[in-house]
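Undergrad: Start counting the sequence shown at 0; every next residue gets the next number (numbering that gives the first Met the number 0).
Built from N, CA and C at the ideal position, the CB exists for glycine as well.
Predicted model only: the values in this text are computed from it and were never measured.
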Amino acid sequence: MADPADPPSSDRLSRRRLLQGAAALGGSAVVGADGSELAANPNNLPPNVPPWTRSLGDGVAARPYGQPSTFEKHVVRRDVQWLTASRESSVSFTPLHELDGIITPSGLAFERHHGGIAEIDPEDYRLIVHGLVGKPLMLTLADLKRFPRVNRIHFLECAANSGMEWRGAQLDGCQYTHGMIHCVEYTGVPVKILLAEAGLKTTAKWILAEGADAAAMGRSVPIAKALDDCVIAYRMNGEMLRPEQGYPARLVVPGWEGNMWVKWLRRIKVGDQPWQAREETAKYTDLLADGKARRFTFVMDAKSVITAPSPQAPVAHKGFLVVTGLAWSGRGKVQRVDVSLDGGRNWRAARIDGLVLDRACVRFYAGIEWHGEDLLLQSRAIDETGYVQPTKADLRRIRGVNSVYHNNGIQTWHVLPSGEVENVEVS
Ligand code: MTE
Ligand code: CO
């Protein structure tokens, strides 16, 4: 989608002097794009030859499993210790403000566990499929890998993402307000194929997916969903699942709340009614203003967030500025993302760049000129069903403020003249 503020060609970029204040060749001071001095070592800058050019580097396989540059140490998952009583039942958040594109690097994908990380020896792993089937199965990991497999890129969003923001702006950065999401590629076996192998009975209406972790977390999934697009994944971004993501196998439930994506999957039981497990009765239900609770609210509605600028990614320079973020919808593809600079009074269509996939994140950009004025930055996602991401006020009008879950309201970032960014709300 074309953004009128986005330069259409690189030609125009150069005419606009994109990096005003950038160091000119031959200049002596080391200055950044905003004119401030940088902490560079002048001995390493042109025309000098830096040490990494004067001698050979490490040979191959110095790091048999690659790690990010040591200069990127700050790009990590973080937790908020006062949020939860223990670290075993807690969450660490994806550093969205440090990422670009749509794929979350495996080591940065947020983690949510109710009973800590189960460390499972793949030799001792078993998946049981039983209940309303003609032939119960007990499968090893090697068995799972023998079935036909599929590759799917999907987002996983915890229903509690943005949950702390129901009663007002609270947490300081998109890592914390929106970082309970990741978007990765899964490889695994469609549940439909396993159920066919087990001989699904016609009376089947629900499946129970149960984890082998200390929480033995279980969720009921309607059989239509299980047969439609659920996958038992054992790979993530090409390699085997990480322990924190459910090694060696987890359930993938495209577009539906993260809690249903049972990790360390040990059992699928087929039944004719939901199991009313803890996580679908006491938890992951939405308490409304009248005291009634919405239940089985599986689909994650369209949502978006500007990842930079944001409180952890302040603006460092004046002039041309790329505003960027992520959008997603549990109901299909994202069709459009709008960006506002004035708290939702005026909107412009952002440019979506990269893959636009069904129930995956999309990456959007809007190029703006910033000269130090206050901005109230917002983004709103519109999906292919025509659904428009609501304002927080609209959401509260219908849902009240008792909820923790399913908060997909529009986020506002206040960009101050200093370039710092605050989490605020507009009325
Ligand atoms: N599965 C098991 N067995 N145990 C858990 O604690 N947490 C659930 C779900 N699956 C959980 C689980 C919740 S609430 C979410 S949001 C997702 O896993 C998080 O997946 P991730 O850790 O890969 O981000
Ligand atoms: Co969750």
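Quick one: what does DSSP say Asn42 is sitting in, helix, strand or coil?
TA: DSSP places Asn42 in the helix class (H, G or I) of the three-state scheme.
Undergrad: Measuring alpha carbon to alpha carbon, tell me which residue in Glu419, Thr384, Ser426 and Gln377 is nearest Gln410.
TA: Gln377
Undergrad: Buried or exposed: where does Thr69 fall if 16 or more other Cβ atoms within 10 Å of its Cβ makes it buried?
TA: exposed
Undergrad: Would you call Trp260 buried or exposed, if buried means 16 or more other Cβ atoms sit within 10 Å of its Cβ?
TA: buried
Undergrad: Who are the Cβ neighbours of Leu374 in its own chain at under 6 Å, not counting the five residues just before and after it?
TA: Leu340 and Val414
Undergrad: Look at the alpha carbon of Gly331 and the alpha carbon of Leu226, and state the distance between them as a whole number of angstroms.
TA: 17 Å
Undergrad: Does DSSP put Ile101 in a helix, a strand or coil?
TA: coil
Undergrad: Does ligand 1 have even one heavy atom less than 8 Å from the beta-carbon of Ala359?
TA: no
Undergrad: On the three-state DSSP scale, how would you describe Lys144?
TA: helix
Undergrad: Can you tell me whether DSSP reads His73 as helix, strand or coil?
TA: Here His73 carries a coil assignment [DSSP, helix/strand/coil].
Undergrad: At a cut-off of 8 Å, is Cys157 close to ligand 2 when judged by its beta-carbon and the heavy atoms of the ligand?
TA: yes
Undergrad: Which residues in the same chain have their Cβ closer than 8 Å to the Cβ of Ser27, if we skip the five residues on either side of it in sequence?
TA: Low confidence applies to Ser27: its pLDDT is 47, below 50, so where it sits in the model is not reliable enough to give any reading.
Undergrad: Is it true that the CB of Leu325 sits closer than 9 Å to the CB of Cys157?
TA: no
Undergrad: Considering only C-alpha positions, which residue in the set Phe92, Pro247 and Cys173 is nearest to Ser309?
TA: Cys173
Undergrad: One question on the structure: do Trp327 and Ala349 come within less than 9 Å of each other, judged by their Cβ atoms?
TA: No, the Cβ-Cβ distance between Trp327 and Ala349 is not below 9 Å.
Undergrad: Would you kindly work out how many angstroms separate the C-alpha atoms of Phe320 and Thr306, rounded to a whole number?
TA: Residue identity differs from the one stated: residue 320 is Leu in this sequence, not Phe. Going by the C-alpha atoms only, they are around 13 Å apart.
Undergrad: What's the C-alpha gap between Ala168 and Gly399?
TA: 16 Å
Undergrad: Ignore the nearest five residues each way along the sequence and tell me which others in Thr103's own chain have a CB closer than 7 Å to its CB.
TA: Thr93, His181, Cys182 and Val183
Undergrad: Mapping DSSP to helix, strand and coil, what is Ala232?
TA: strand
Undergrad: Which of the three DSSP states is assigned to Gly162 in this structure?
TA: helix
Undergrad: Suppose the cutoff is 7 Å on Cβ atoms and the five residues either side in sequence are ignored; what does the same chain contact list for Gln334 look like?
TA: Ile381, Asp382 and Glu383
Undergrad: Can you give me the C-alpha to C-alpha distance between Val252 and Lys224, rounded to a whole angstrom?
TA: 8 Å
Undergrad: To the nearest angstrom, report how far apart Val304 and Val48 are at their CA atoms.
TA: Approximately 42 Å between the Cα atoms of the pair.
Undergrad: Could you check whether the Cβ of Lys72 sits closer than 8 Å to any heavy atom belonging to ligand 1?
TA: Using a cutoff of 8 Å, the CB of Lys72 does not count as near ligand 1, since none of the ligand's heavy atoms is closer than that.
Undergrad: Since Phe319 sits in a beta bridge, which residues does DSSP pair it with?
TA: Note: Phe319 sits in a beta bridge opposite Glu368.
Undergrad: Using the C-alpha atoms, what's the distance from Arg249 back to Leu356?
TA: 21 Å
Undergrad: Comparing alpha-carbon positions, which option in Leu98, Asp120 and Asp99 lies nearest Ala141?
TA: Asp120
Undergrad: Got a sec: does ligand 1 put a non-hydrogen atom nearer than 8 Å to the Cβ of Ala437?
TA: Beyond the ends of the chain as shown, which are 0 and 426, falls residue 437; an answer cannot be given.
Undergrad: Take Glu238 and list the residues in its own chain whose beta-carbon comes closer than 8 Å to its own, dropping the five residues that flank it on each side.
TA: Ser105
Undergrad: Cβ of Arg125 versus every heavy atom of ligand 3: is any distance shorter than 8 Å?
TA: Although ligand 3 was asked about, the structure shown includes only ligand 1 and ligand 2 as ligands.
Undergrad: From Pro221 to Ala281, what distance separates their C-alpha atoms?
TA: Rounded to the nearest angstrom, the two C-alpha atoms are 19 Å apart.
Undergrad: For Gly25, collect the residues of the same chain with a Cβ closer than 6 Å to its Cβ; drop the 5 residues on either side in sequence, then sort them by chain order.
TA: Any reading at Gly25 must be qualified, since the residue scores a pLDDT of 44, below 50, and its modelled position is unreliable; the value itself is stated next. No residues qualify anywhere along the chain.
Undergrad: Taking only three categories from DSSP, how would you classify Asp271?
TA: coil
Undergrad: Apart from the five residues just before and just after Arg148, which ones in its own chain have a Cβ nearer than 7 Å to its Cβ?
TA: Thr186, Gly187 and Val188
Undergrad: For Ser85 and Trp369, I'd like the C-alpha separation in whole angstroms.
TA: Here the C-alpha atom of Ser85 lies approximately 43 Å from the C-alpha atom of Trp369.
Undergrad: Would you say Gln174 touches ligand 1, meaning its beta carbon is less than 8 Å from a heavy atom?
TA: no
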